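Please read the structure below before turning to the comments.
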DNA sequence: TTGACAAATTGAAATTCGTGAATATAATAT
DNA sequence: ATATTATATTCACGAATTTCAATTTGTCAA
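Chains as they are written, first to last, in this note's numbering: chain A, 176 to 277; chain B, 176 to 277.
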């Protein structure tokens, strides 16, 4: 399934903010509660919520509600999708040295 | 060499604009003159120049001047760097299923 | 040297983005 | 029911980004 150029740009927006990079690095340790992320980042709760929405909309992160808490984790499927789109986008045709080919 | 979170975000900005996605797709066919890119995109010459600067600053694209013309192409090294940073960023520790690991 | 052409830079307008205060919603506990 | 706690939404504002018109710079040809 081919993504539109607009959708592709949209997806990569997940990765072009310093705080979202920090969030992803925190989630590399595994699923984390929003409140824990909030403790580690010097931003307000609404700002965190905003970034989580962008990450979830891009399907790089998935959220799971448990009672009052929201647990977030990196989506392996979303991450793989982003990687393969990036590989496909930067692979010069006829060179075939992209690790994600086929 | 580890990139700062800020630098990482900066790098991915190369991929989060619809026109830059289109430019990369055009460059997949191989090196192209700026004037050729301009013909294929519905943007003005200064706008193209602006986007090419962002792509070159991010080291995803390299430019080569030949007389009056500028030829641009995808930098395999820059692309590989971006891919490996993305892999490293989205790989959940202890899962080790990233194609770019090691 | 002058003219023509390609690309970069500057400046300014419109839009998008990141942020936090205030508020709303949802779930739990008393 | 009421209070409390966790998260989401709304709103407003400043900063950054995208865009194009105008201008400048660089290169070549006559």
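Quick reminder that beta carbons are idealized off the backbone N, C-alpha and C, glycines included.
Remember, predicted model here, so these are calculated numbers, not experimental data.
Query	Result
Nearest residue (CA-CA) to residue 279 of chain A, options A:196, A:178, A:266 and A:268	No statement about residue 279 of chain A is possible, as the shown extent of chain A runs from 176 to 277 and does not include it.
Any chain A beta carbon closer than 8 Å to residue 277 of chain B	Note that residue 277 of chain B scores a pLDDT of 39, beneath 50, so its modelled location is shaky and nothing firm can be said.
Cβ shell of residue 220 of chain B (< 7 Å), same chain only, five flanking positions each side left out	213
Interface positions of the segment 234 to 250 of chain B facing chain A (Cβ-Cβ less than 8 Å), listed along the chain	235, 248 and 249
Pairwise C-alpha distance: residue 260 of chain B and residue 269 of chain B	17 Å
Reduced DSSP category for residue 245 of chain A - H, G, I as helix; E, B as strand; rest coil	strand
Contact set for residue 231 of chain B: own chain, Cβ-Cβ below 7 Å, skip 5 residues either direction	237 and 238
Burial state of residue 182 of chain A, where buried means 16 or more other Cβ atoms lie within 10 Å	exposed
Any non-hydrogen atom of the ligand NAP closer than 7 Å to residue 259 of chain A Cβ	By its list of ligands, the structure shown contains no ligand whatsoever, and the ligand NAP lies outside what it can speak to.
Distance CB(residue 226 of chain A)-CB(residue 192 of chain A) smaller than 8 Å	yes
Enclosing alpha helix (DSSP H) for residue 186 of chain A [first to last residue]	180 to 188
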